[in-house]
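Novice: Residue numbers (our numbering): 64 to 477.
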Ligand code: SAH
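1) Is the separation between the beta-carbon of residue 263 and that of residue 234 shorter than 8 Å?
2) Counting Cβ pairs closer than 8 Å, one from the region 115-133 and one from the region 454-466, do we hit at least three?
3) Would you say the beta carbon of residue 111 comes nearer than 7 Å to a heavy atom of the ligand SAH?
4) Work out the CA separation of residue 289 and residue 361 for me, nearest whole Å.
5) Whose CA, out of 408, 309, 208 and 228, lies closest to the CA of residue 297?
6) At which residue ranges does the region 233-290 contain complete beta strand (DSSP E) runs of 3 or more residues, listed in the order of the chain?
7) How about residue 162 and residue 147: do their beta carbons lie closer than 8 Å?
8) Say whether chain C places a C-beta atom closer than 8 Å to the C-beta of residue 194.
9) For residue 470, list the residues DSSP reports as bridge partners.
10) Please report the Cβ distance between residue 390 and residue 418, rounded to the nearest whole angstrom; I am assuming they are in contact, meaning their Cβ atoms lie under 8 Å.
11) Would you list the residues sitting across from residue 153 in a DSSP beta bridge?
12) Check whether the region 94-114 touches the region 436-450, counting contact only when three or more Cβ pairs, one atom from each stretch, lie closer than 8 Å.
13) Whole angstroms are fine: how far does the CA of residue 436 sit from the CA of residue 130?
14) Find out if the Cβ-Cβ distance for the pair residue 144, residue 181 is shorter than 8 Å.
15) Excluding five sequence neighbours on each side, which residues of the same chain lie with their C-beta closer than 6 Å to the C-beta of residue 303?
16) If we count the other Cβ atoms within 10 Å of its Cβ and call it buried at 16 or more, is residue 168 buried or exposed?
17) Which same chain residues, not among the five before or five after residue 453, have their C-beta less than 8 Å away from its C-beta?
18) Find the nearest neighbour of residue 91 within the set 106, 473 and 189, judged by alpha-carbon distance.
What follows is the structure, encoded as structure tokens:
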């Protein structure tokens with residue numbers, strides 16, 4: 064961060080004057096690696112100021128469409144990330160380090176603890192690092208394509224406290240595997256499962272496709288809105304579960320459903336929104352493009368005994384909804400949509416409007432594409448009745464927002 068500030072400052076033309084005020088140069092960041100990491104661009108900005116900035120950004124982008132409520136803040140914005148991924152690699156001198164990739168490079172900056180990561184997860188990563196020499200585990204050297212351990216990923220469940228460790232390595236033979244597992248679990252009895260993920264490809268993807276369970280069930284379970292979800296190392300799950308629960312409750316409340324309502328959960332991931340919303344709906348239809356996520360969603364539906372209420376389809380959301388609109392057999396009361404950063408496609412928005420649901424609840428992680436899509440929806444008969452930003456990613460510039468849209472052609476506003 065210091066570094067970026069320096070680059071954007073105009074150098075003073077006066078000779079003998081330092082280009083950057085000395086106090087600024089000396090000011091220490093809360094995080095010793097923030098300049099290299101580039102993750103938390105606002106680590107040295109007070110939480111109040113961060114929230115004001117996010118509120119203003121949302122107002123600027125979507126305030127013209129309707130009322131924007133005050134951003135839902137975190138009581139304690141530190142250590143909110145429940146999934147931690149650490150790179151294991153040699154440094155320039157060939158010594159093993161674990162940490163993060165320096166921004167825009169493949170150099171690894173050592174990190175012992177991080178202000179936004181779960182502290183249990185960070186401690187487990189450090190323990191694994193300290194065990195490397197005694198178990199003769201070599202870290203992977205990308206340039207030489209030699210070595211073994213590439214990444215360690217730790218996931219901590221907020222409600223159940225179950226902990227999953229995923230060791231990502233180039234092959235299936237983990238050195239002294241049983242003793243390593245025994246020692247790691249002895250040092251961190253909270254660990255409920257350990258998985259060896261094999262990634263032998265020259266790729267920037269962290270996880271490979273093959274997995275061997277070394278300890279426990281191979282997955283953990285957590286709860287959101289009183290429902291249970293199974294998380295495997297490869298499934299998508301919001302990294303800030305505390306704020307996710309608030310976001311989902313706001314979205315479900317916006318939908319205002321009854322037991323007679325049918326809802327579409329578009330871009331449903333592992334089915335979380337639809338499954339949480341099933342409490343108040345009669346029927347939920349989830350659609351998700353990623354096969355693994357759709358598979359997890361199905362498992363989650365069954366685990367919560369909701370197979371009579373929630374259906375899951377593994378398809379492109381735009382194509383799925385277009386077919387539904389063309390067939391003309393289904394009626395949707397509510398569409399929940401939670402697309403990726405790129406927003407929804409025009410095909411999806413057209414089909415959504417053709418279905419004429421009474422409500423659309425749009426959950427967005429990228430307000431610029433949200434604004435683009437709102438322009439379309441508001442021109443086609445939908446009115447934004449409320450937007451609620453939720454701070455899911457303190458210290459970063461990312462903003463999540465839930466937006467309620469009601470259908471002007473469908474009678475009463477709620
Ligand atoms: N609603 C979920 C996931 C949101 S992330 C949650 O709250 O956890 C967005 C999801 O959209 C991802 O799971 C991604 O795989 C999925 N996705 C991306 N493009 C899609 C498309 N064209 N059709 C359906 N799903 C898509």
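We put the beta carbon where it would ideally sit given N, CA and C, even for glycine.
Specialist: Short version:
1) In this structure, residue 234 lies closer than 8 Å to residue 263 by Cβ.
2) Segments in contact, yes.
3) Judged by the Cβ position, residue 111 fails to qualify as a neighbour of the ligand SAH at the 7 Å threshold, every heavy atom of the ligand being at least this far.
4) Answer to the nearest angstrom: the Cα atoms are 18 Å apart.
5) Nearest option by C-alpha distance: 228.
6) Those beta strand (DSSP E) runs which fall completely within the region 233-290 and span 3+ residues are 254-261, 273-278 and 283-287.
7) No; because the gap between Cβ atoms is not below 8 Å, this pair is not in contact.
8) The structure shown contains no chain C, having only a single protein chain.
9) According to DSSP, residue 470 shares a beta bridge with 445.
10) In fact, because the Cβ distance is near 11 Å, the residues do not count as touching under 8 Å.
11) DSSP, once it has assigned bridges, lists 159 as partnering residue 153.
12) No, they do not touch.
13) Each residue's alpha carbon lies about 17 Å from the other.
14) For residue 144 and residue 181, yes; Cβs fall inside 8 Å.
15) Scanning its chain for C-beta atoms nearer than 6 Å, with the 5 sequence neighbours on each side dropped, one finds around residue 303 the residues 143 and 455, in chain order.
16) Label assigned to residue 168: exposed.
17) Annotation for residue 453: 134, 135, 306, 309, 310, 313, 463, 464 and 465 place their beta carbon closer than 8 Å to its own, counting only its chain and skipping 5 residues before and after.
18) Nearest of 106, 473 and 189 to residue 91, Cα basis: 106.
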